[in-house]
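Under my numbering, the residues of the sequence shown are numbered 3 to 138, in order. A virtual CB, placed ideally from N, CA and C, is assigned to each residue, including glycine. Just so you know, these numbers come straight off a predicted model, no measurement behind them.
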Amino acid sequence: DIGTGTGVLAIAIAKKTGLKVLATDIDPIAVTTTVENARDNDVAELIEGVVAEGLDSDVITAKAPYDLILANILAGPLMGLAPGMSRIAQPGASIILSGILETQAQAVIAAYAENGMPLLQRLQRKEWTTLILHKL
């Protein structure tokens with residue numbers, strides 16, 4: 003979960019699947035909040051919080067490749083992360099990107115397609131878009 007914020011997506015995945023989740027954020031307070039929220043939701047043993055700017059972390063690299071990557075951040079940073087996400091995603095991985103304005107979605111789709119992660123599904127809610135991509 004890149005840009006985990008409060009950890010809501012990481013917690014949901016951990017509760018639903020029982021699998022370990024790496025939750026990262028550029029903000030140390032967000033990572034602390036995520037760890038606390040994971041404890042409060044009885045999934046502390048499944049969620050590892052890491053402070054990282056984008057994908058720049060030895061922990062992220064060491065645990066790669068990933069079969070699922072989530073990111074709920076702005077379009078600009080998402081586009082910048084496309085090459086790195088391609089490197090850490092295993093073939094067949096699902097990449098779910100949200101927090102994207104409808105007007106910016108096509109640029110994000112293009113950035114990820116250029117890096118071997120074509121669009122599978124596009125979900126729209128008012129002006130917000132969620133993209134589900136597939137790593138070739």
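- Segment limits, beta strand (DSSP E) that includes residue 93: Run containing residue 93: 91-103, per the beta strand (DSSP E) assignment.
- Can you list, in chain order, the stretches of the beta strand (DSSP E) that have 3 or more residues and sit fully within the region 30-61? As far as the region 30-61 is concerned, its whole beta strand (DSSP E) runs of at least 3 residues are 49-53.
- Item | Unbroken alpha helix (DSSP H) run spanning residue 15, endpoints | Unbroken alpha helix (DSSP H) run through residue 15: 10-19.
- Item | Separation of residue 28 from residue 54, as counted between CA atoms | In a straight line, the C-alpha of residue 54 is about 5 Å away from that of residue 28.
- Helix, strand or coil at residue 6 [DSSP, three-state]: Residue state, collapsed to three classes: coil.
- Message: Three Cβ pairs or more, each shorter than 8 Å: is that satisfied between the region 8-28 and the region 69-85?
- Response: With the cut-off at 8 Å, the region 8-28 and the region 69-85 touch.
- Query: For the beta strand (DSSP E) that residue 126 lies in, which residues bound it at each end?
  - Reply: From DSSP, the beta strand (DSSP E) with residue 126 extends over 121-127.
- What does a CB cutoff of less than 7 Å around residue 109 pick up in its chain, not counting 5 residues either side in sequence? Listed in chain order, the non-local C-beta contacts of residue 109 below 7 Å within the same chain comprise 77 and 81, local neighbours out to five positions each way being set aside.
- Determine the extent of the beta strand (DSSP E) in which residue 71 is found, giving its start and end residues. DSSP places residue 71 in the uninterrupted beta strand (DSSP E) bounded by 68-74.
- Near residue 43, what residues of its chain come up, given a Cβ to Cβ distance below 7 Å and the 5 sequence neighbours on each side ignored? Apart from sequence neighbours up to five positions away, the residues of its chain that approach residue 43 with a beta-carbon distance below 7 Å are 13 and 17, ordered along the chain.
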